[in-house]
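Structure first, then comments.
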Amino acid sequence: MSKLIVEGEHRLNGVVHIHGAKNSALPILAATFLAGEVCEIENCPLLSDVHAAIKILEHLGCRIEREGHTVRVDASQAGGYEVPDTLMREMRSSIVFLGAIAARTGRAQLSFPGGCELGPRPIDLHLAVLRQLGLCIDEEGGKLLCRVRGRLVGCPISLSFPSVGATENILLAAATARGTTTIFNAAREPEIVDLCNFLIACGAHIRGAGEGTIIIEGVDRLHGCHHRVIPDRIETATYMGAAAITGGSLLLKEVCPEHVQALIPVFEETGCQVTAWRGELLVNAPGRLRRIRTVRTLPYPGFPTDAQALIMALSSVAEGTSVFIETIFESRYKHVCELMRMGAHIKVEGRVAVVEGVSTLCGAPVECTDLRGGAALVLAGLAAQGITEITQLQHIERGYEAMAETLAGVGAHIVLQSGYGADT
Ligand code: UD1
18 MSKLIVEGEH
28 RLNGVVHIHG
38 AKNSALPILA
48 ATFLAGEVCE
58 IENCPLLSDV
68 HAAIKILEHL
78 GCRIEREGHT
88 VRVDASQAGG
98 YEVPDTLMRE
108 MRSSIVFLGA
118 IAARTGRAQL
128 SFPGGCELGP
138 RPIDLHLAVL
148 RQLGLCIDEE
158 GGKLLCRVRG
168 RLVGCPISLS
178 FPSVGATENI
188 LLAAATARGT
198 TTIFNAAREP
208 EIVDLCNFLI
218 ACGAHIRGAG
228 EGTIIIEGVD
238 RLHGCHHRVI
248 PDRIETATYM
258 GAAAITGGSL
268 LLKEVCPEHV
278 QALIPVFEET
288 GCQVTAWRGE
298 LLVNAPGRLR
308 RIRTVRTLPY
318 PGFPTDAQAL
328 IMALSSVAEG
338 TSVFIETIFE
348 SRYKHVCELM
358 RMGAHIKVEG
368 RVAVVEGVST
378 LCGAPVECTD
388 LRGGAALVLA
398 GLAAQGITEI
408 TQLQHIERGY
418 EAMAETLAGV
428 GAHIVLQSGY
438 GADT
């Protein structure tokens, strides 16, 4: 078992380079299987979730070459249609492979994706939309046995909620379906636009990416392409948070400021000065943060649920009381207990959390409960008096590349202690 040891109360100052977006890289890697030729993906972050996606591609028969942040996927000889339970359980977003596999091979055999720390994460929408496109799905003994009679057929699809994953599955299944698919109430996240741009570079006909209605005219086949993954907006939010909570100043490079538009006013409300240029973002923090009146998580372009825990860490040391309303996931406050161990004053009732800022947190041993909750504990540790020891780092490794090194590089006193003692 590894742990992060953070000594708090050191002001951060310097430059941080943001990696490629995890939530773009994963569906794009699934899409390389559909492209069926050689695709080169640049700016692919080195994360455990990305490794899991690559393992699935290898299992399906793709040949993978990696060099730094570039992944080359040769799917020309790949004909697999089954993903074993162990790989499905490694990450929940493995469900996005379903659309790609079914469209390319005409069948698919997957088990239900891994459990999730964010409360129940059903896949009913994914299955419903794929059925609408003509995929026959039998659910048997925890497995999804899927077959296409002939070819998938495009149709109008109205989503009851703009689910990111379900929109991705439709895009993957519809890109090579017969006829036109129109998605109403599609997710508008930048990662959806990135996936569409990747598919378009592979020869797909897609209009309306980033809007509520997306039109996909199916083509007979796709081809290989070269694509660069967009910057990770949640990693960007995390380092904005690191500057804010330490009263520091960080210049973030290789970011996309438009993708964090919903976050900038929140940081400004805390008293931070945020300056955006093309591809760069400078955050200058005040000595003491101010409270944020209300944070309500919403689908993009609203405030991202993935940044809720990060901003909660900030408000736990801000002057005044902040209110959070989590509307996307049922159970996304698991980090609260750990923040409270460090002295935060937080009350949760259902989907609402009320945070009464304290003047200082105290370092304590804490456990990551999920990816973004884990990152929130790191932020809290950077501000806390004394030493914070953070364990269960596998959650953080799903979404942050070299987090400890990056923070240490801008003045944090943070050490990653690998594999101490026996993991028994
Ligand atoms: C994606 C992101 C995740 C982010 C989330 C919301 C990836 C890999 N993950 O997750 O980081 O927090 O978007 O922005 O891109 N739902 C159903 N049935 C379904 C599908 C979803 O009820 O079939 C519900 C979920 O339980 C959840 C809500 O819809 O309450 C949002 O889920 P969705 O937008 O699908 O998120 P993911 O694609 O899983």
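So the working numbering is basically just the index in the sequence shown, starting at one, shifted up by 17.
Cβ coordinates follow ideal geometry from the N, Cα and C atoms, glycine included.
Residues near residue i by beta carbon distance below 6 Å, same chain, minus five either side
i, result
"Gly123", "Val165"
"Gly438", "For Gly438, the predicted model reports a pLDDT of 49, less than 50, meaning its position is unreliable and no value from the coordinates is stated."
"Ile71", "Ile81"
"His430", "Glu24 and His27"
Nearest neighbour of residue i, chosen from the options [CA to CA]
i, options, result
"Glu208", "Ser180, Leu104 and Ile407", "Ser180"
"Ser348", "Leu144, Ser332, Gly390 and Gln94", "Gly390"
"Glu54", "Ile413, Leu74 and Val67", "Leu74"
"Met17", "Ala125, Val88 and Ser93", "Given a span of 18 to 441 for the chain in the structure shown, any question on residue 17 remains unanswerable."
"Phe178", "Cys172, Val210, Ala145 and Leu162", "Ala145"
"Gly227", "His240, Val236, Ala218 and Cys213", "Cys213"
"Glu366", "Ser111, Ser376 and Val340", "Val340"
"Asp155", "Cys163, Thr197 and His222", "Cys163"
"Arg358", "Val383, Val369 and Asn186", "Val383"
"Leu152", "Glu355, Ile140, Gly167 and Val334", "Gly167"
"His243", "Met257, Cys219 and Leu396", "Cys219"
Spatial neighbours of residue i in its chain, beta-carbon cut-off 7 Å, leaving aside the 5 residues before and after
i, result
"His36", "Pro62, Asp249, Glu252 and Glu418"
"Ala261", "Phe284, Thr287, Cys289, Val300, Ala302, Leu306 and Leu331"
"Val427", "Leu29, Asn30, Gly31, Val33 and Leu267"
"Asn202", "Ser175, Leu176, Pro179 and Gly229"
"Asp183", "Note that residue 183 corresponds to Ala in the displayed sequence, not to Asp. Answer for Ala183: Leu142, His143, Val146 and Leu176, listed in chain order."
"Cys172", "Gln149, Leu150 and Thr198"
"Glu99", "Gln126"
"Thr322", "Thr314, Glu343, Ile345, Phe346 and Arg349"
Proximity test, Cβ basis, 8 Å: residue i and chain C
i, result
"Met357", "No chain C appears in the structure shown, which is made up of a single protein chain."
Boundaries of the alpha helix (DSSP H) in which residue i is found, first to last residue
i, result
"Ser332", "Gln325 to Ser333"
"Lys39", "Lys39 to Ala52"
"Cys354", "His352 to Arg358"
"Ile217", "Pro207 to Ala218"
"Ala425", "Met420 to Gly426"
"Ser111", "Taken as a continuous stretch (DSSP letters only), Ser111 belongs to no alpha helix (DSSP H), as it is neither H nor E."
"Ala125", "Not the alpha helix (DSSP H): Ala125 falls in the beta strand (DSSP E), residues Arg124 to Ser128."
"Arg148", "Asp141 to Gln149"
"Val395", "Leu388 to Ala400"
"Ile71", "Ser65 to His76"
8 Å Cβ shell around residue i - same chain, five flanking residues per side excluded
i, result
"Asp440", "Since pLDDT at Asp440 reaches only 38, below the 50 mark, its modelled position is unreliable, and the value read off the structure follows with that caveat. Met18, listed in sequence order."
"Thr338", "Arg308, Val371, Val372, Glu373 and Gly374"
"Cys379", "Met359, Gly360, Ala401, Gln402 and Gly403"
Delimiting residues of the beta strand (DSSP E) encompassing residue i
i, result
"Gln290", "Gln290 to Trp294"
"Asn30", "Asn30 to His34"
"Asn301", "Glu297 to Asn301"
"Ser266", "Ser266 to Lys270"
"Phe178", "Unbroken run through Phe178: none, as it is neither H nor E."
"Glu406", "Ile404 to Thr408"
"Arg195", "From DSSP, Arg195 is part of no beta strand (DSSP E); its letter is neither H nor E."
"Phe341", "Thr338 to Ile342"
"Ser376", "Taken as a continuous stretch (DSSP letters only), Ser376 belongs to no beta strand (DSSP E), as it is neither H nor E."
"Leu162", "Lys160 to Val165"
"Ile81", "Arg80 to Glu84"
"Thr87", "Thr87 to Asp91"
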